[in-house]
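Asks:
There are 2 protein chains.
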Amino acid sequence: MTPRAGTPPVAADRDVAAGAVFAALADPTRRQVVRALADRPTVTASALAGELPMSRQAVAKHLAVLADAGLVAAAREGRETRFRLTPEPLHDAVRWIAGAGARWDDRLARLERELGG
Amino acid sequence: MTPRAGTPPVAADRDVAAGAVFAALADPTRRQVVRALADRPTVTASALAGELPMSRQAVAKHLAVLADAGLVAAAREGRETRFRLTPEPLHDAVRWIAGAGARWDDRLARLERELGG
DNA sequence: GAAAGACGCAACCAAATGGTTGCGCTTCGT
DNA sequence: ACGAAGCGCAACCATTTGGTTGCGTCTTTC
């Protein structure tokens, strides 16, 4: 997947990770997908396309973007691939936000302290 | 600025607010601008353009996007306009993230509890 | 009062983005 | 064995986006 596997994460890494998360969540459809994925444990592209006003391929593209951001993992099962939420990268995003606003907002500063550097 | 001023914020409102924040922070240059703005109290577009490898107008566009997301406020002072960070919308973004990942991640669930619905 | 500094607006351009359709391959059910 | 379900890949299209340049306006300064 992503290069530099196993290498300790430095500031720049977390910025790009957070950036990928922000970019992934910038699209309303993608947020809807994440929301849908927050209810059921897994979902297929076709099932989602049934609920959303767009084609299966469009949904698949969105899921690919989410997967690239590390927010979603795909697992092939027979003839269908089930996607599940993998929310770890969300921490990078929250960290970034807390770090950015810490000097300007008490609550974010507290959040940053709790999350650690 | 944004319509519906004074009306109590509902779920959809916070989603669009969070969406604007995500979109604003999706661009690396914009994150750099926010970072720069996290150090000094205020900054001008020209000053930022001096440090970044791009024109003043490009920086001005980025600042406009950040302002639309409510992350930055502009104040004209004489012949220059100073921009300052207004981090309130960051809370909407954190809230959204916490709400999305709460069922999947204990730390995010705790965060959601602390932030309140 | 005129030059210089900082800004805003508009036009323009290349690349990325969100969507479509069409097609071919694997897998399941009968 | 064969049709249908489900998926992936690729081509294509319109719109958005991140950047540029050029120009006009308003302040400040000399």
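Those sequence lines, one after another, are chains A and B.
Note that our numbering has the first sequence beginning at 307, numbered continuously upward.
Note that our numbering has the second sequence beginning at 307, numbered continuously upward.
In this text, a Cβ means the ideal position worked out from N, Cα and C, and glycines have one as well.
As the structure is a computational prediction, the values presented were derived from the model and not from experiment.
Hey, how far is the Cα of Arg390 of chain A from the Cα of Ala379 of chain A?
Replies: Stepping through the first sequence from its first residue, residue 390 of chain A is reached at position 84. Stepping through the first sequence from its first residue, residue 379 of chain A is reached at position 73. Cα-Cα distance, rounded: 5 Å.
Asks: Taking Cβ positions, are Val365 of chain B and Leu354 of chain B nearer each other than 8 Å?
Replies: The sequence position of residue 365 of chain B within the second sequence is 59, counting from 1. The sequence position of residue 354 of chain B within the second sequence is 48, counting from 1. Contact: yes.
Asks: Can you say whether Ala332 of chain A is buried or exposed, counting buried as having 16 or more other CB atoms within 10 angstroms of its CB?
Replies: As a position in the first sequence, residue 332 of chain A is number 26, starting the count at 1. It counts as buried.
Asks: Okay, do the region 401-412 of chain A and the region 407-415 of chain B touch, 3+ Cβ pairs below 8 Å being the bar?
Replies: At 8 Å Cβ cutoff, the stretches do not touch.
Asks: Please report the straight-line C-alpha distance between Arg401 of chain A and Ala329 of chain A, rounded to a whole angstrom.
Replies: To locate residue 401 of chain A, count along the first sequence from 1; it is residue 95. To locate residue 329 of chain A, count along the first sequence from 1; it is residue 23. Cα to Cα, the separation comes out at about 16 Å.
Asks: Counting only C-beta atoms, is Ala415 of chain A closer than 8 Å to chain B at any point?
Replies: By 1-based counting over the first sequence, the position of residue 415 of chain A is 109. So no, Ala415 of chain A is outside the interface.
Asks: When DSSP builds the beta bridges, which residues end up paired with Thr350 of chain B?
Replies: In the second sequence, the residue the question calls residue 350 of chain B occupies position 44. Its beta-bridge partners are B:Arg388.
Asks: Where do the N-terminal and C-terminal ends of the alpha helix (DSSP H) with Arg337 of chain A fall, by residue?
Replies: Residue numbering aside, residue 337 of chain A sits at position 31 when the first sequence is read from its first letter. Pro334 to Asp345 is the extent of the alpha helix (DSSP H) around Arg337 of chain A.
Asks: Is it the case that the Cβ atoms of Val327 of chain A and Ala381 of chain A are separated by a distance below 8 Å?
Replies: Here residue 327 of chain A corresponds to residue number 21 of the first sequence, with the count starting at 1. Here residue 381 of chain A corresponds to residue number 75 of the first sequence, with the count starting at 1. The answer is no: Cβ separation not under 8 Å.
Asks: Identify the residues that DSSP records as bridge partners of Val378 of chain A: which are they?
Replies: The sequence position of residue 378 of chain A within the first sequence is 72, counting from 1. Beta-bridge pairing links Val378 of chain A to A:Leu391.
Asks: Using beta carbons (cut-off 8 Å, strictly below), is Asp374 of chain A in contact with chain B?
Replies: For the purposes of this step, residue 374 of chain A is taken as the residue at position 68 of the first sequence. No, because no Cβ of chain B sits closer than 8 Å to the Cβ of Asp374 of chain A.
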